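If you use this note's numbering, the sequence shown corresponds to residues 34 to 211, in order.
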Amino acid sequence: MKKAVLAAALAAAWATSASAQSVGEKSGVNSTLGIAPKTEDFVKEVAMSDMTEIAAAKIAQQKGNADEKKFAEMMITDHTKTSTELKSMVPAEMKSAIPSALDDASEKKLAKLRDAKPEDFAATYDPMQVSAHKDAVSLFERYAKGGDNNSLKDWAGKTLPVLQHHLEMAQALDKNRK
């Protein structure tokens, strides 16, 4: 069954290469198979991730415990930096790939954080951070290994250790919460 779903997703990915984001990247098939994202997908995913991380961190600064507030401060600093670096490196013809607003999925995640009661905030925020940083590490690893824009590929490799550190910190937050 899994093979059939994977085959269908791959077929859909190849059939819709003209879309704003490839189905393979959007559906997670590329990540599962270890396939590097297209440069346009990489740019879009990084920009969306940075915007979401910064917005989530701002909520955590209001609702989180002391450890989450410290983590959130680092998220704002580091993701603002990567966002600025990305924008300066994106080729002119791909500037339009950088989203100007959050997508629906990101807005829904932020709504969950905003709606969480202070006593329930960690149970929502901490695992969300683990998941987001696992996705980011995968994205950056795959692009660093197989991306087609050399400067972005090098940048992904240099940025990867910071994201891996974020993931370790998020995992510690989540573990300490339990």
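Cβ atoms here follow ideal geometry from the backbone N, Cα and C, with glycine treated the same way. Bear in mind the structure is a predicted one, so any value in this text is a computation, not a measurement.
Item: C-alpha gap between residue 137 and residue 117, whole angstroms; Value: 23 Å
Item: Cβ contact (3+ pairs, closer than 8 Å) linking the stretch 145-153 and the stretch 190-202; Value: no
Item: Alpha helix (DSSP H) segment containing residue 190, residue limits; Value: 183-210
Item: Under the three-state DSSP convention, the category residue 133 falls into; Value: coil
Item: Closer than 7 Å: residue 78 CB and nearest the ligand ADP heavy atom; Value: Looking at this structure, you won't find the ligand ADP or any other ligand, since it has none at all.
Item: Terminal residues of the alpha helix (DSSP H) in which residue 155 lies; Value: 154-179
Item: Beta carbon of residue 131 nearer than 8 Å to that of residue 177; Value: no
Item: Close-in-space but distant-in-sequence residues of the same chain around residue 82 (CB under 6 Å, 5 per side omitted); Value: 169
Item: Bounding residues of the alpha helix (DSSP H) (the contiguous stretch that carries residue 71); Value: Premise fails: residue 71 is in no alpha helix (DSSP H) and is neither H nor E.
Item: Among 200, 174, 197 and 75, the one whose alpha carbon lies nearest that of residue 120; Value: 75
Item: Alpha-carbon spacing of residue 96 relative to residue 181, whole angstroms; Value: 41 Å
Item: Unbroken alpha helix (DSSP H) run spanning residue 101, endpoints; Value: 99-122
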